[in-house]
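A quick write-up on the structure given underneath.
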Amino acid sequence: MTASDDGTPAGQGRTSLSAQAREALRQRIVDRRYPMGARLVEREVAQELEMSRVPVREALRALVGEGLLELLPHSGVRVRSLERDDVRHLYEVWEPLAVQASRLAARAVADAAPARPPGLDTLRDCLEQAERAAGDAEGTQEVAAHTAFHEEVVALAGNPLLSRTMEQLSWQLQLVFGLRAEPAHMRAQHTDMYERIAAGDAESAAASTLLHVRDSRTVAFKSLFGEEI
Numbered sequence: 001m002t003a004s005d006d007g008t009p010a011g012q013g014r015t016s017l018s019a020q021a022r023e024a025l026r027q028r029i030v031d032r033r034y035p036m037g038a039r040l041v042e043r044e045v046a047q048e049l050e051m052s053r054v055p056v057r058e059a060l061r062a063l064v065g066e067g068l069l070e071l072l073p074h075s076g077v078r079v080r081s082l083e084r085d086d087v088r089h090l091y092e093v094w095e096p097l098a099v100q101a102s103r104l105a106a107r108a109v110a111d112a113a114p115a116r117p118p119g120l121d122t123l124r125d126c127l128e129q130a131e132r133a134a135g136d137a138e139g140t141q142e143v144a145a146h147t148a149f150h151e152e153v154v155a156l157a158g159n160p161l162l163s164r165t166m167e168q169l170s171w172q173l174q175l176v177f178g179l180r181a182e183p184a185h186m187r188a189q190h191t192d193m194y195e196r197i198a199a200g201d202a203e204s205a206a207a208s209t210l211l212h213v214r215d216s217r218t219v220a221f222k223s224l225f226g227e228e229i
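Its first residue numbered 1, the sequence shown is counted upward by one per residue in UniProt numbering.
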């Protein structure tokens, strides 16, 4: 097996290191160890992650493509600062996808009846995790549970194209979720969504999800910008 310029085995090995670096950087951005606007220096990040610079460079480029980082005018990258239009655009795309995901998930439950799809138990677990994490001082565990709930709805929907599309939004959504409060009534909305999906009621599940996403958008704008939309 040949090696890359940094001594890492070519092919799968370097791809794996790049993926590891990308995951570590994503998590640091989402949990705000790297705050919005922070400049990331490739050499310093590589030292922190105890990796060579090549997979770190690839990870930084990938995160620019995902919208978590942005290129600086002359060189380097920084954590993207979310502006009003960024959040508005994100919710404009997420809303119809989230609504359709719940509709399809409920249809999948109805089609499987009288059997119970295993994804329903996973959804219930996410609700319980969110309740346990509600007292998390930093909020990172609750953000993870909140995101996992929506991801499991998408998984239950059983549409690979929807899954791939939502995956592109996932980390940007986590970033927004981590920067805004999570009122108790929004956790209650998750429970309502779950119950309607579990009942196999597609249109009721879609309506419940629409309410939740629009409430989430209102809370996000209040938390981030001190204003309603």
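Just so you know, even glycine gets a beta-carbon here, dropped at the ideal spot from N, CA and C.
Every value quoted in this text rests on a predicted model; they were computed, and no experiment measured them.
Quick check on Arg57: does DSSP put it in helix, strand or coil? helix
Can you give me the C-alpha to C-alpha distance between Cys126 and Pro35, rounded to a whole angstrom? 27 angstroms
Could you spell out where the alpha helix (DSSP H) holding Arg78 opens and where it closes? Counting along the chain, Arg78 falls outside any alpha helix (DSSP H), though it belongs to the beta strand (DSSP E) covering 77 to 79.
Mapping DSSP to helix, strand and coil, what is Leu69? strand
Between Val213 and Ala98, is the Cβ-Cβ spacing less than 8 angstroms? yes
In this structure, does DSSP put Arg39 in helix, strand or coil? strand
Reference Ala148; option with closest CA among Pro183, Ala133, Leu63: Ala133
Does DSSP put Asp201 in a helix, in a strand, or in coil? coil
Go ahead and label Val79 buried or exposed: buried means 16 or more other beta carbons lie within 10 angstroms of its beta carbon, across all protein chains shown. buried
Can you have a look at Val41 and say buried or exposed, based on whether 16 or more other CB atoms are within 10 angstroms of its CB? exposed
Buried or exposed, going by whether 16 or more other CB atoms sit within 10 Å of the CB of Met1? Since pLDDT at Met1 reaches only 37, below the 50 mark, its modelled position is unreliable, and no value is offered.
With burial defined as no fewer than 16 other Cβ atoms inside 10 Å of the residue's Cβ, what is the status of Gln47: buried or exposed? exposed
Would you check if there are 3 or more beta carbon pairs closer than 8 angstroms linking the region 18 to 36 to the region 60 to 79? yes
Cβ neighbour criterion (16 or more within 10 Å) applied to Gly226: Gly226 comes out exposed.
Look at Leu63 and Leu25 and say whether their C-beta atoms are less than 8 angstroms apart. yes
Hey, would you say Thr122 sits closer than 8 angstroms to Glu152, going by beta carbons? yes
Beta carbon of Arg103, beta carbon of Ala206: below 8 angstroms? yes
Between the region 152 to 164 and the region 109 to 124, do three or more beta carbon pairs fall short of 8 angstroms? yes
Quick check: Ala21 and Ala59, are their CB atoms within less than 8 angstroms of each other? yes
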